[in-house]
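> Letter by letter, the sequence shown follows residues -20 to -1, 1 to 212 of mature numbering (1 follows the signal peptide of the UniProt record, and there is no 0). Every residue, glycine too, gets a C-beta built ideally from N, C-alpha and C. Note that the structure is predicted; figures quoted are calculated from it, not measured. One structure coming up, written as structure tokens, with questions to follow.
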Amino acid sequence: MVRIILIAIFLFSLPSFAQKAEGGSFSTEVVVKKQLNYLLYSPESTKQLKPLIIFLHGSGEKGNDLERVKVHGPFKYLKTHKLDAYVLAPQCPQEEYWDQEVLYRLIQKVIKENKIDPNRIYLTGLSMGAWGAWNLAFSHPDMFAALVPIAGFVDRVPMIENCKIKDIPTRIFHGLVDDVVDVNYSINIYKKLKTCSTDIELTIFDDANHDSWTRVYDDPTIYEWMLQQKKQ
């Protein structure tokens, strides 16, 4: 009994330690230099304001050889056709992914230096480029008059903030048997956008694997559709 009393006295005599926390603030400046090489196609006549089509390539065309960005998409089409529009195709550095703010600054530079109609700027991309196009459209939804993502992964933020781009006419394409980027990414974002978008369509090619873009970009129809779109 004596031992129990002594232990109890010892425990109750221990000093109490009050928690102490202080608030603070921290500020710093981080400067990161980025460089993007790019191709810019100009229409035959530039006396009047002309539309701008922005094309983001896939992961296979990364690097510092601009000939790679001609393999697919609008610049492949331009080998045998003409477009009455500027076409901008940046090239993503080998060890990087599309950075929407770097792309935005490049687009601003091109707009400033050329006679581009700010109400007729169109954004398209394939695979990694479609992922980049989704993110860029959500970062700057007021910039684009049309969006054409093909076979692209869709991040969680666009899935949550889907109605942020409800006013951008959108055409989504994907291959049903795509074994690189699951077709359900396009299906799910389409379902989300369908609840609020004013103009959206999803095309799934039953016989296409990951390359669902060749038939889209080789067809004049997609360019005709884009060039008809204009921001209100």
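Can you give, in chain order, each stretch of the beta strand (DSSP E) that sits fully within the segment 172 to 199 and has at least 3 residues?
180 to 185
> F124 and I101 look like a contact to me (Cβ under 8 Å); what is the Cβ gap, rounded to whole Å?
6 Å
> Is the distance from the Cβ of L207 to the Cβ of I184 below 8 Å?
The answer is no: Cβ separation not under 8 Å.
> Looking at the secondary structure, which residues open and close the alpha helix (DSSP H) in which L83 lies?
80 to 93
> Given that a residue counts as buried once 16 or more other Cβ atoms are within 10 Å of its Cβ, and exposed if not, what is Y203?
buried
> Pull up the DSSP beta-bridge partners for L63, would you.
DSSP output for L63 lists no bridge partner at all.
> Label E41 either buried or exposed according to how many other C-beta atoms from any shown protein chain fall within 10 Å of its C-beta, with 16 as the threshold for buried.
buried
> Just list the beta strand (DSSP E) runs in the segment 23 to 52, keeping only unbroken ones of 3 residues or longer that don't cross its boundaries, in chain order.
30 to 36
> Give the range of the beta strand (DSSP E) segment to which L103 is assigned.
96 to 106
> What residues in its chain sit with their C-beta under 7 Å from that of A117, if we drop five residues either side in the sequence?
L103, F124, L127, I145, I148
> Can you look up G109 in the DSSP assignment and give me helix, strand or coil?
helix
> List the DSSP bridge partners of T8.
Paired residues: none, contrary to the question.
> In terms of residues, what are the limits of the beta strand (DSSP E) holding I130?
126 to 130
> Taking just the CA atoms, how far does F6 sit from L(-10)?
Unreliable positioning characterises L(-10) in this predicted model, as indicated by a pLDDT of 48, which lies under 50. The coordinate reading is nonetheless provided below. Roughly 41 Å between the two C-alpha positions.
> Would you kindly work out how many angstroms separate the C-alpha atoms of D199 and D64, rounded to a whole number?
16 Å
> I need the boundaries of the beta strand (DSSP E) containing F153, first residue and last residue.
150 to 155
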